[in-house]
Amino acid sequence: MKYLREKIVFFIIALLSALIINFVLPRLMPGDPAERILLKMGGDIQPEAVEAMRIALGVDKETPILKQFFSYLKNTLTFNFGISYSYYPVPVKDLILDALPWTIGLVGISTLISFVLGTALGIRAGWNRNKPIDSFVTISSLIIRGFPYFWLALILLYVFGFLLNLFPLSNAYSTHEFLKGWKFFGSVIYHGFLPGLTLVLASLGTWILTMRNNMVSVLSEDFILVAEAKGLKDKDIMNKYAARNALLPSVTSFGLSLGYIVGGALLTEIVFSYPGIGYLMYKGVTSQDYPLMQAIFFIISLSVLIANFMLDFVYMFLDPRTRG
Amino acid sequence: MKRNVLFLCVMVLSIFSLASTLSMIMDVTGPFSQNFNPFFSGGTNYSARGFIYETLFYINGYTGEIVPWLATDYSWSNDFLEIDVTLRQNVKWSDGKSFSADDVMFTFELIKNYAALDSGGIWQKGLKEVKKEDDFHVKFVMSKVDTLIYTDIFSVYIVPKHIWETIADPTSYTDSKPVGTGPYVLGQFTSQVYTLQKNQNYWQKEKVKVDTIRIPAFTGNDAAQLALMNKEIDWGTLFFPNIDEIFVKADPEHRGYWLPEGNPVLLFFNLDKELFKNPDLRKAIALGIDKLQLVQIGMANLATVSNPVGIKGGFSYLENDNLKHMWYERDVEQAKKILTNLGYKLGKDGIFADSKGNKLSFELIVPAGWTDWIAVSQVLSSQLKQIGVDVLVSQVDFGLYLERIKNKDFELAVSWVNYGINPYFFYERWLHTRNAFSGDNRGGWISLTTDSLLDVFRKTSEEKERELAISALQLIVLQEMPSVPLFFNPTWFEYTTYNFVGWPNAENPFALPTITGMDKAFIIMHLEPVR
Chain A
126 MKYLREKIVF FIIALLSALI INFVLPRLMP GDPAERILLK MGGDIQPEAV
176 EAMRIALGVD KETPILKQFF SYLKNTLTFN FGISYSYYPV PVKDLILDAL
226 PWTIGLVGIS TLISFVLGTA LGIRAGWNRN KPIDSFVTIS SLIIRGFPYF
276 WLALILLYVF GFLLNLFPLS NAYSTHEFLK GWKFFGSVIY HGFLPGLTLV
326 LASLGTWILT MRNNMVSVLS EDFILVAEAK GLKDKDIMNK YAARNALLPS
376 VTSFGLSLGY IVGGALLTEI VFSYPGIGYL MYKGVTSQDY PLMQAIFFII
426 SLSVLIANFM LDFVYMFLDP RTRG
Chain B
4 MKRNVLFLCV MVLSIFSLAS TLSMIMDVTG PFSQNFNPFF SGGTNYSARG
54 FIYETLFYIN GYTGEIVPWL ATDYSWSNDF LEIDVTLRQN VKWSDGKSFS
104 ADDVMFTFEL IKNYAALDSG GIWQKGLKEV KKEDDFHVKF VMSKVDTLIY
154 TDIFSVYIVP KHIWETIADP TSYTDSKPVG TGPYVLGQFT SQVYTLQKNQ
204 NYWQKEKVKV DTIRIPAFTG NDAAQLALMN KEIDWGTLFF PNIDEIFVKA
254 DPEHRGYWLP EGNPVLLFFN LDKELFKNPD LRKAIALGID KLQLVQIGMA
304 NLATVSNPVG IKGGFSYLEN DNLKHMWYER DVEQAKKILT NLGYKLGKDG
354 IFADSKGNKL SFELIVPAGW TDWIAVSQVL SSQLKQIGVD VLVSQVDFGL
404 YLERIKNKDF ELAVSWVNYG INPYFFYERW LHTRNAFSGD NRGGWISLTT
454 DSLLDVFRKT SEEKERELAI SALQLIVLQE MPSVPLFFNP TWFEYTTYNF
504 VGWPNAENPF ALPTITGMDK AFIIMHLEPV R
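From first to last, the protein sequence lines stand for chains A and B.
Going left to right, the first sequence walks through residues 126 to 449 as my numbering numbers them.
Going left to right, the second sequence walks through residues 4 to 534 as my numbering numbers them.
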C-alpha cells in the first residue's frame, strides 16, 4: 500500500503545481485582453469599443493578484470557469461542453483504432521479421510517420474532398440541412471520416514500430525457445507468449495518449473546420482569454494526471514487481 | 414515369425559387455559441447587428450618406446642443409588439447604466440626457457642442424595452432568442450552422428578397476557401491571396470580388525620440519609400496605395488641390541630399552616420504573424537601405507590440489607424494630442495648432468650415510628416452570382461590403434571386 500512497501524494502535488503554473503562465503574456479583440477584428473596431470591452471584462480596474488567484482557485475547483473573454458573454463551461464530445469522439475513436490496428500489424511484422511482409509494413510505417500530419490532412482534404468530391470539405455534420436521429448520426460519421483517417494515419506508424520492436526483442527470449521446443502451435506462441509480454510498453503509451485526447487535435480541427477543444484552446491563447485558457489547460492536466494514476493502478495488477 | 420525374424536378425547383437561401461566411471563428447580444462584437453577434437589431439611421460608410432607418428625420437645435429625432411609425418587433420612443429611451438609458455596453462611448463624449417628446419623437441633449456625435448616436442598436427590462445583468446576457426590428429572425441553430429567416413583420419587407440566410461555421481559412470555390458559399469575407488565379479564373462570369479601401497603414516615427523630432529626417525617410512597390510585393497587389495625405478615393473632393505640388514621389537623390545637409556622412557600408559615428540605424516593429505587413516591412527596409538608412525589422507578439507603442518603447512602427466613416474621424484619431501613443496617434504627434484645427470638426455643422480645417491640416501633414501613409488594407469581399445578383463592386460601389454592422442589411436588400 506504500506504493499507492506515494502515487496519491504525487497526484496531488502534480495537480497543485499544474494549477499554479496554469495561473501564472498566461499572465506573463504581454498586452491587454481587451486589445486582443483588435487583433480578432483586424483592427477594424472603434477605440471606444475597446474601452467598453475593458469595462465588461473587468480589466479596467487593477485587481490584486492574490485576489485573482483565490477566485481562480475557487472557480476552477468548482468547475465554474467564468465567462469567456473572446466569446463574451458566453460562459466557458458552455464552450467546453459544446466542444468536448466532438473531441472525445473524433480523437478518442481514432486513437483506439490506430492503437488496435497498429498493434495487430506490429505483432505480425515482428513475428515475421525480415520477411517481405515485415519489410513492407516497417517501411510503409516509416514513410507514413515521416509525413507532417497537417500536410497529410491538407492532401486528403484536397484530393478526396475537393477534387473527387467524395467527402465533405468541412464541419462535423451537414450544414445544408438540419438532420435528426439516424440521419444525423450518419452525417456525423461521414463528416468525421477524413479527419479521423488523418489522425489514424498520423499515429499508426508509431504504434506499428513500437509493437514490432517489442515483439522482436521478446522473441529472442529463452521462454519462446522453450515454447517452441515444447512443440506449441505458432499461433499460440505468437499471441499467448510473445504478444502478451510485448504489449506492456504499448499499453503504457496508450494509457498516456488517452489522457491527451481531451487536448484535441488543433491542426486537424483547423484544416477540416472540425469543432473541438484544440481550436478552442488556440482561440483562447491568441485572444488572451484567461478564463478559457485556464479551464482547458486545467482539464488537460487533470485528465493526463488521472490517466497516469489509473495506469499506475493497472500496473499494480500487470506487473507483480510494483506491488512490493 | 418520366413525366413524374419531370414533375418532381419542377416541384423541387419551384420550392427552391420560392424560398431563396443565401449562404455566407460571417467570420472564421470556429463553432458557434448562441450569443446574439448586439452590444458585443464577434461571430454570431455580427448577425444580430443589422440583420436582427437595427439602428436609428444607417450611415453609409462608402458614400457618407445618412439613410433614414428606424428614424425618419433629425434636426439640430440652433445652439447645437440638441438633436430632435423623429421615429418611424408602424415598426413592429418580431414578436408583434410595436416599436416606439420608449424602446429608444430604454436603450440609451441601458448603455448609460452599463458603460460596458456603450461601445461608442456616447455618454463619455457629452450626451447628457435623452428626452421623450411623444411616442415618436426623442430629443438628445448634449452638455457640450459636438457636431459629429450624431454618428455615434445613430449607430446604437435599439433593443426592445419589454424584453430587456426583465434582464438582471445585460452585460452577461447572451440573448439566445433575439427579438429585433430587423429584416431577419433567428431560424434554426446548431454549433455548426444556423439560419436566419425573413421577418414577416418587417417594416420594409417588400425590399427583402433573400428568404433565408445560411451561416456555416468555419475554423480555418482553407476549408472556407474550398467551400467558396465549390459554390457552397455566395458571400465570403475571406483573406484570399492569389484571388484571381485561384477563385475567379475558374468561372469569371459568376465570380467576383471587390477589395475597397479599409483602414490605412502608416509608417510611424516615435516622435518622443530626439532624432525623430527633426522634420527633415522624417521627410528624407518618406522620400525613400516606393509605396507602389510595397503594395505590389508585400500586399500581392491587392491593397490600394495611399496618397501622401491619407484621403480615400471616395472623399477625393476633400483633397486640397493647392497643395498637390507638395505631394511627393520616391526620390533617392533628394533624400540623400537632405541627409547630407543635416550633417550626416555616408559610411563605407552605404549607411549614413553622424559626426560621432552613430549610424542611422533603426528598429521597425511589426506584429508577429501578420505575414503581409511583415513582407511590406522587409521591402521597406530594403528601400530605405538605398537612401542610406538601415532598418531592422523585428516581429513582435501583437500584445507586446501595442504595449511597446503605448510605452513609447520603439523607433519605427508599421501600424494602422481606424479610419471611421469619413476623413474627419481619421484625422482626429491620427493626429489629436488626446490620442497620442495610447490611441491611434501612435507616433505621438503633439501640436496645439493641429488640435485646434481638429476641434473645428466637432464645433461646427458647416461642411465648408470642416473642409477648410482639413485643408489646413493637409499642409501640416505635408510639411511636418508626422507619419507616412503607405496604403489602405483591403476589405475582403468575395461573391458569386449563381444564386443572387446585385452585389456591390468596383463598378457599382453603393455600400462597403463589411459584415460587422448595418452595411450587410443594406446590401442584402439590393440582392435579387436568380430565376
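Quick reminder that beta carbons are idealized off the backbone N, C-alpha and C, glycines included.
A quick note: this is a predicted structure, and the numbers were derived from the prediction, not measured.
Pairwise C-alpha distance: residue j and residue i
| i | j | result |
| --- | --- | --- |
| A/ARG130 | A/TYR315 | 47 Å |
| B/MET108 | B/VAL144 | 12 Å |
| B/PRO488 | B/LEU290 | 12 Å |
| B/THR47 | B/GLN37 | 7 Å |
| B/PRO163 | B/LEU274 | 48 Å |
| B/VAL308 | B/LEU295 | 6 Å |
| A/MET126 | A/ILE133 | 11 Å |
| A/LEU329 | B/THR193 | 33 Å |
| B/GLU336 | B/GLN228 | 45 Å |
| B/ILE156 | B/ILE125 | 7 Å |
| A/THR201 | A/ILE258 | 51 Å |
| B/PRO181 | B/LYS95 | 14 Å |
| B/LEU551 | B/ASP458 | For residue 551 of chain B there is no data in the structure shown, the boundaries of chain B being 4 and 534. |
| B/ASP454 | B/TRP448 | 10 Å |
| A/LEU322 | B/LEU231 | 24 Å |
| A/TYR274 | A/VAL284 | 15 Å |
| A/LEU381 | A/PHE148 | 24 Å |
Partner residues on chain A for residue i, Cβ-Cβ distance less than 9 Å
| i | result |
| --- | --- |
| B/VAL533 | Those within 9 Å of B/VAL533 in chain A number zero; the least Cβ separation is about 18 Å. |
| B/PHE60 | Under the 9 Å cutoff, chain A gives no residues; its nearest Cβ is about 17 Å from B/PHE60. |
| B/GLN191 | PHE303 |
| B/ASP375 | The premise fails here: B/ASP375 is roughly 11 Å from chain A at the closest Cβ pair, so nothing lies under 9 Å. |
Assigned exposure category for residue i - 16 Cβ within 10 Å defines buried
| i | result |
| --- | --- |
| A/ASN364 | exposed |
| B/ASP171 | Inspection of the sequence shows that residue 171 of chain B is occupied by Ala rather than by Asp. That one is exposed. |
| A/GLN419 | buried |
| A/ALA174 | buried |
| A/THR452 | The structure shown does not extend to residue 452 of chain A, since chain A is modelled only from 126 through 449, so no value can be given for it. |
| B/PHE10 | Its pLDDT being 46, under 50, B/PHE10 is placed unreliably in this model, and the coordinates cannot settle the point. |
| B/GLU112 | exposed |
| A/LEU291 | exposed |
| A/LEU198 | exposed |
| B/PHE503 | buried |
Whether residue i touches residue j by CB criterion (7 Å)
| i | j | result |
| --- | --- | --- |
| A/ALA139 | A/LEU430 | yes |
| B/ASN266 | B/ASN425 | no |
| B/SER486 | B/PHE271 | yes |
| B/ARG461 | B/THR215 | no |
| B/VAL394 | B/LEU367 | yes |
| B/TYR501 | B/LYS252 | no |
| B/VAL88 | B/VAL133 | no |
| B/GLU414 | A/PRO155 | no |
| A/PRO416 | B/SER175 | no |
| B/TYR65 | B/GLY259 | no |
| B/TYR56 | B/PRO41 | yes |
Beta-carbon neighbours of residue i, restricted to chain C and to distances below 7 Å
| i | result |
| --- | --- |
| A/GLU173 | Judged by its chain identifiers, the structure shown contains no chain C, and its protein chains are A and B. |
Boundaries of the beta strand (DSSP E) in which residue i is found, first to last residue
| i | result |
| --- | --- |
| B/ILE368 | 364-370 |
| B/TYR498 | 497-499 |
| B/SER486 | 486-493 |
Per-residue contacts from residue i into chain B (C-beta, under 8 Å)
| i | result |
| --- | --- |
| A/THR300 | GLN195, VAL196, ARG217, PRO219 and ALA220 |
| A/GLY286 | LEU229 |
| A/ASP223 | PRO34, SER36 and SER194 |
Partner residues on chain B for residue i, Cβ-Cβ distance less than 7 Å
| i | result |
| --- | --- |
| A/GLU450 | A query on residue 450 of chain A cannot be resolved here, the shown segment of chain A reaching from 126 to 449 and no further. |
| A/ALA297 | GLN195 |
| A/GLN193 | Near A/GLN193 there are no residues of chain B at all, since even the closest Cβ is about 18 Å away, more than 7 Å. |
Extent of the continuous alpha helix (DSSP H) run through residue i
| i | result |
| --- | --- |
| A/HIS316 | 306-344 |
| A/VAL262 | 257-271 |
| B/TRP261 | From DSSP, B/TRP261 is part of no alpha helix (DSSP H); its letter is neither H nor E. |
| B/ASP283 | 282-290 |
| A/VAL351 | 347-354 |
| B/TRP376 | 374-388 |
Neighbouring residues, chain A, relative to residue i (Cβ below 7 Å)
| i | result |
| --- | --- |
| B/ALA371 | The premise fails here: B/ALA371 is roughly 11 Å from chain A at the closest Cβ pair, so nothing lies under 7 Å. |
| B/GLU406 | PRO155 and GLY156 |
Interface partners of residue i on chain B, CB under 9 Å
| i | result |
| --- | --- |
| A/ILE208 | SER175 |
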